[in-house]
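A quick write-up on the structure given underneath.
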Amino acid sequence: MKRSALRTLVVLGFLVGAAIQAQAPSRPASEPPPDTPGTGPFPAVKLVEPGLPDQVVYRPANLAGLGDTKLGVYVFGNGGCRDDAASSRLHLLEIASHGYLAIAPGGIYSGPGAVERPAETTSSESDEDESAGRVQPTRPEQLAEAVDWALAMNAAQDSPYFGRVDPDAVAVSGFSCGGLQALVNARDTRVDTAVIMNSGVFNDRVTSLAGMEVTKDVLEDLHFPTLYVLGGPTDIAYENGMDDYRRIDHVPVAVANIDKGHGGTYNEPNGGAAAQVVVNWLEWTLRNDAKAAAMFLGDDCGLCSDPDWSFETKRLD
467 MKRSALRTLV VLGFLVGAAI QAQAPSRPAS EPPPDTPGTG PFPAVKLVEP GLPDQVVYRP
527 ANLAGLGDTK LGVYVFGNGG CRDDAASSRL HLLEIASHGY LAIAPGGIYS GPGAVERPAE
587 TTSSESDEDE SAGRVQPTRP EQLAEAVDWA LAMNAAQDSP YFGRVDPDAV AVSGFSCGGL
647 QALVNARDTR VDTAVIMNSG VFNDRVTSLA GMEVTKDVLE DLHFPTLYVL GGPTDIAYEN
707 GMDDYRRIDH VPVAVANIDK GHGGTYNEPN GGAAAQVVVN WLEWTLRNDA KAAAMFLGDD
767 CGLCSDPDWS FETKRLD
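Pasting the structure below:
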């Protein structure tokens, strides 16, 4: 009798507990990771500057703390050419923490500080079109406009960036479709290097994306050292990017592959391994840093001996 009563109490307790658990509110979706200041000597922040309202600027939080360091400029096309300038924020914060103005077109539409996307930036051309409601793409011209703004702020005496920007340290970069935006800007004579990430021009047809019509002819406009960062054979851009690399023979060029697929390491802490490669490339090509150059030069270069990477170069030494 006692044993039966005990069993009854246990069952009732289990049922009550299960009912309470079922009625309890579900756990909220996991919060996005916080913005990180990067691993460089200048902890970074992201913000929208009044003079550049349709882009997001990533920069050292304390400009006075730069000392004699001049800010390099790193303009970056977003994945999908979308207008979420925070979609690769961990990558961009890492770059900025090493003394760069990293600028991406669009607004802060994801992660900490996200705001609601303006209604006019959505498409509703057809209720039957699966793409209806998608955000409009950014324009490749916005990368050039970001360079315009940075150099103008460097020259404006009432600007917090006055005299702090190095006009001879300008890089174009981008992820996937954004990498094509970077290539479209290759003819800009102010640009000193390019970093094309998980991207490449289509091999068998004109690349028609986000209002761009891009062919392999764009590669002829490259007039500076160029780095491709790809995600290995599982990256959908791998064949296109590797073909770009094989075709480029008039400027120093390198291709680094890490087995991460098309998504790369953008969302890993501080932008992951790919961000470190990009930082070193910028430090070498824009600031002539010998330690950074060791990652790329010589038979025993850093990437050459790193088992996580495969690395090829032409005209680099």
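Take 467 as the starting number for the sequence shown in the numbering used here and just add one per residue. No residue lacks a Cβ here, since even glycine has one placed at the ideal position from N, Cα and C. Here the structure is a predicted model, which is why all the values come from computation and not from measurement.
- Query: Rounded to the nearest angstrom, how far is the Cβ of Ala580 from that of Gly504, given a contact under 8 Å?
  - Reply: About 20 Å separates the two Cβ atoms, so there is no contact after all.
- Task: Write down the C-beta distance between Tyr540 and Ala637 rounded to the nearest angstrom, noting that I regard them as a contact closer than 8 Å.
- Result: At roughly 5 Å, the Cβ-Cβ gap stays under 8 Å, so Tyr540 and Ala637 are in contact.
- Item | Per-residue burial, Asp710 [other beta carbons within 10 Å of its own, 16 or more giving buried] | Answer is buried; the Cβ neighbour count reaches 16.
- Query: From this set, Gly697, Thr700, Gly645 and Val721, which residue's C-alpha is nearest Val684's C-alpha?
  - Reply: Taking the Cα of Val684 as reference, the smallest distance to any Cα among Gly697, Thr700, Gly645 and Val721 is reached at Gly645.
- Query: Are at least three pairs of beta-carbons, each pair with one atom in the stretch 551-565 and one in the stretch 606-623, less than 8 Å apart?
  - Reply: Three or more Cβ pairs closer than 8 Å define a contact, and the stretch 551-565 falls short of that threshold against the stretch 606-623.
- Beta carbon of Thr692, beta carbon of Ile714: below 9 Å? Contact: yes.
- Task: Would you mind giving the Cβ-Cβ distance between Gly577 and Asp501, rounded to the nearest angstrom? I have them listed as a contact below 8 Å.
- Result: Yes, Gly577 and Asp501 are in contact; Cβ-Cβ is about 7 Å, under 8 Å.
- Alpha carbon to alpha carbon, what distance is there between Pro571 and Pro519? For Pro519 and Pro571, the distance between alpha carbons rounds to 9 Å.
- Any idea if Ser771 is buried or exposed, counting beta-carbon neighbours within 10 angstroms, 16 or more meaning buried? By the 10 Å Cβ count, Ser771 comes out exposed.
- Please state if the CB of Gly737 and the CB of Phe641 are separated by a distance shorter than 9 Å. Between Phe641 and Gly737, the gap from beta carbon to beta carbon reaches 9 Å or more.
- Message: Can you give me the C-alpha to C-alpha distance between Ile724 and Thr700, rounded to a whole angstrom?
- Response: Whole-angstrom Cα-Cα distance: 10 Å.
- Item | Nonlocal neighbours in the same chain, by C-beta distance under 7 Å from Asp534, ignoring five residues either side | There are no such residues.
- Is Pro603 buried or exposed, if buried means 16 or more other CB atoms sit within 10 Å of its CB? With 16 or more other Cβ atoms within 10 Å, it is buried.
- Bridge partners of Lys512, per DSSP? As DSSP reads the structure, Lys512 sits in a beta bridge with Tyr524.
- Query: So, using beta-carbon positions, are Arg656 and Leu617 closer together than 9 Å?
  - Reply: Result yes, Cβ atoms of Arg656 and Leu617 sit closer than 9 Å.
- Item | Straight-line Cα distance separating Gly543 from Glu734 | Distance between the alpha carbons of Glu734 and Gly543: 19 Å.
- Query: Would you report the Cα separation of Val717 and Arg781, rounded to the nearest angstrom?
  - Reply: Within the model, the alpha-carbon separation for Val717 versus Arg781 is close to 7 Å.
- Item | Delimiting residues of the alpha helix (DSSP H) encompassing Asp670 | Element bounds for Asp670: n/a, residue is neither H nor E.
- Query: Anyone know if the C-beta pair for Gly517 and Gly538 falls short of 9 Å?
  - Reply: In this structure, Gly538 does not lie closer than 9 Å to Gly517 by Cβ.
- Task: State the Cα-Cα distance for the pair Asp687 and Glu497, rounded to the nearest angstrom.
- Result: Whole-angstrom Cα-Cα distance: 43 Å.
- Message: Quick check: what's the CA-CA separation for Met761 versus Ser625?
- Response: Whole-angstrom Cα-Cα distance: 36 Å.
- Task: Rounded to whole angstroms, what's the CA-CA distance from Asp634 to Asn754? Just pull it up for me.
- Result: A direct Cα-to-Cα measurement between Asp634 and Asn754 gives close to 12 Å.
- Item | Lys780 - DSSP class collapsed to helix/strand/coil | Lys780: strand per DSSP, three-state reduction.
- Among Thr659, Tyr524, Gly764 and Ala739, nearest to Leu558 - alpha-carbon criterion: Distance from the Cα of Leu558 is smallest, within the candidate group Thr659, Tyr524, Gly764 and Ala739, for Tyr524.
- Could you tell me the boundaries of the beta strand (DSSP E) in which Leu617 lies? No beta strand (DSSP E) contains Leu617, which is instead part of the alpha helix (DSSP H) from Glu607 to Ala621.
- State the DSSP-derived secondary structure class of Ile561, mapped to helix, strand or coil. Helix.
- Endpoints, alpha helix (DSSP H) assigned at Met708: Residues Tyr704 to Arg713.
- Query: Between which two residues does the alpha helix (DSSP H) harbouring Val745 extend?
  - Reply: Boundaries of the alpha helix (DSSP H) harbouring Val745: Gly738 to Arg753, taken from the DSSP string.
- As assigned by DSSP and simplified to three states, the class of Asp766: Under the three-state reduction of DSSP, Asp766 is assigned to coil, being neither helix nor strand.
- Cβ-Cβ distance between Val661 and Ala648 below 9 Å: Taking 9 Å as the cut-off, the Cβ atoms of Val661 and Ala648 count as close.
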